[in-house]
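**Q** Using UniProt numbering, read the sequence shown as starting at 1 and increasing by one per residue.
Built from N, CA and C at the ideal position, the CB exists for glycine as well.
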Amino acid sequence: FTEAEVYQQSFDPREYLKEYYTLTDSQGRPNTFLTQNLRTLFKMFSLDGLSGDTLIDVGCGPTIYQLLSACERFEEIIALDYTDQNRRELEKWLKNEAGAFDWMPVVKYVCELEGDREKWAEKEEKLRKKVKEVLKCDVTKANPTDPVSLPPADCVLSTLCLEGACKDLATFRSALRNISALVKPGGHLVMVTVLRETYYAFNKQVFSCLYLERSMVEDAVEGAGFDVKFSEVQPYLSSDIRTDCEAVLGLVARR
Numbered sequence: 001f002t003e004a005e006v007y008q009q010s011f012d013p014r015e016y017l018k019e020y021y022t023l024t025d026s027q028g029r030p031n032t033f034l035t036q037n038l039r040t041l042f043k044m045f046s047l048d049g050l051s052g053d054t055l056i057d058v059g060c061g062p063t064i065y066q067l068l069s070a071c072e073r074f075e076e077i078i079a080l081d082y083t084d085q086n087r088r089e090l091e092k093w094l095k096n097e098a099g100a101f102d103w104m105p106v107v108k109y110v111c112e113l114e115g116d117r118e119k120w121a122e123k124e125e126k127l128r129k130k131v132k133e134v135l136k137c138d139v140t141k142a143n144p145t146d147p148v149s150l151p152p153a154d155c156v157l158s159t160l161c162l163e164g165a166c167k168d169l170a171t172f173r174s175a176l177r178n179i180s181a182l183v184k185p186g187g188h189l190v191m192v193t194v195l196r197e198t199y200y201a202f203n204k205q206v207f208s209c210l211y212l213e214r215s216m217v218e219d220a221v222e223g224a225g226f227d228v229k230f231s232e233v234q235p236y237l238s239s240d241i242r243t244d245c246e247a248v249l250g251l252v253a254r255r
């Protein structure tokens, strides 16, 4: 199991972004993992009732792709991540600093799903305005943002986070209970979770992943006090040596 400290010491956000978040890989093959997830997020954030004032993104990493559809339905976003360098990398993009990762092709792709590829600059500006805070979090703590206490939000989003942060199913279930406290009664939890994956790799480093089946995730979400409203599995059929991921689960639940 890859401990939190290893992420803090040696997770390189730039290399991670380069490896997993361009629309085509170094061989020119399309990044189906990313585009599938963008389509799933677009679909989930188009569901009736999935909107409100505040959204908390738990385990945002150095990425913004997961917020591109969400920012059309929520007014304020708070992004949380454990590692300092991920939060710094994210802030670089939010502040439009030189040397920030170029998300434009990904933003254009989502704008195309929404029906207007040319709105990409507007969407970038909208997202930059809506992210109000970037804070440290630890999902294994009862209050993940301790010592800060956040008021519960209309929606908590978590993509590809808990399966990397939790060493076993008990910890995963407990982490879901911890983040459920960040959701208002009647609010929503939106998740993108890899299934049957035990590792992912980039930059000659390997990171562990908790092996999960769809039923284990749904059961844990229900155990944390939610009703599952939407659950869809996309198989990941790639001969990808960087990961042994077999499928990705998109899930929406209501507290």
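Go through the stretch 201-229 residue by residue and report every complete run of the alpha helix (DSSP H) that reaches 4 residues or more, in order.
**A** Correct list: 214-223.
**Q** Take asparagine 96 and list the residues in its own chain whose beta-carbon comes closer than 8 Å to its own, dropping the five residues that flank it on each side.
**A** These residues qualify, in order along the chain: Arg128.
**Q** Hey, out of Glu91, Glu118, Trp103, Val190, whose CA is closest to leucine 160's CA?
**A** Minimum Cα distance to leucine 160 is reached at Val190.
**Q** If you drop the 5 nearest sequence neighbours on each side, which residues of the same chain put their C-beta closer than 6 Å to that of glutamine 85?
**A** Correct list, in chain order: Pro13.
**Q** Leucine 68 and valine 110: beta carbons closer than 7 Å?
**A** Contact: yes.
**Q** Beta-carbon separation of aspartate 57 and leucine 182 under 7 Å?
**A** No, the Cβ-Cβ distance between aspartate 57 and leucine 182 is not below 7 Å.
**Q** Could you tell me the alpha carbon to alpha carbon distance between alanine 4 and isoleucine 179, rounded to whole angstroms?
**A** Taking the straight line from one Cα to the other gives about 17 Å.
**Q** At which residues does the beta strand (DSSP E) containing glycine 187 begin and terminate?
**A** First-last of the beta strand (DSSP E) with glycine 187: 183-195.
**Q** Can you have a look at aspartate 81 and say buried or exposed, based on whether 16 or more other CB atoms are within 10 angstroms of its CB?
**A** Aspartate 81 is buried by the Cβ-count criterion.
**Q** Using 10 angstroms around the beta-carbon of threonine 40, count the other beta-carbons present and answer buried if the total reaches 16, otherwise exposed.
**A** Looking at its Cβ environment, which holds 16 or more other Cβ atoms inside 10 Å, threonine 40 is buried.
**Q** Just the Cα atoms here: how many angstroms apart are histidine 188 and alanine 98?
**A** Going by the C-alpha atoms only, they are around 35 Å apart.
**Q** Ends of the beta strand (DSSP E) at phenylalanine 1?
**A** That residue, phenylalanine 1, is in no beta strand (DSSP E); it is neither H nor E in DSSP.
**Q** Would you mind sorting isoleucine 241 into buried or exposed? The rule is 16 or more other CB atoms within 10 Å of its CB.
**A** Label assigned to isoleucine 241: exposed.
**Q** Apart from the five residues on each side of it in sequence, which residues of its chain come closer than 7 Å, Cβ to Cβ, to valine 131?
**A** Once the five neighbours on either side are set aside, the close Cβ partners of valine 131 are Ile77, Ala79, Leu94.
**Q** Of the residues Glu19, Pro185, Thr145, which one's Cα is nearest the Cα of arginine 255?
**A** Cα-wise, what sits closest to arginine 255 is Pro185.
**Q** Is it true that the CB of threonine 2 sits closer than 7 Å to the CB of serine 208?
**A** The answer is yes: Cβ separation under 7 Å.
**Q** Curious, which full-length beta strand (DSSP E) runs of at least 3 residues does the stretch 74-101 contain?
**A** Complete beta strand (DSSP E) runs here, min 3: 74-81.
**Q** Since glutamate 197 contacts cysteine 245 with CB under 8 Å, what's their CB separation in whole angstroms?
**A** That belief holds up - the Cβ atoms of glutamate 197 and cysteine 245 are roughly 4 Å apart, short of 8 Å.
**Q** Based on Cα-Cα distance, which residue from Met216, Ala153, Lys123, Glu122 lies nearest to serine 174?
**A** The option with the nearest alpha carbon to serine 174 is Met216.
**Q** Hey, is tryptophan 103's beta-carbon within less than 7 Å of any beta-carbon in chain C?
**A** The structure shown has no chain C; it contains just one protein chain.
**Q** When you compare only the Cα positions, how much space is there between threonine 243 and arginine 73?
**A** About 32 Å.
**Q** Check each candidate in Asp25, Val106, Arg177 and name the one with the smallest Cα separation from alanine 224.
**A** Comparing Cα-Cα distances from alanine 224 to each of Asp25, Val106, Arg177, the minimum goes to Arg177.
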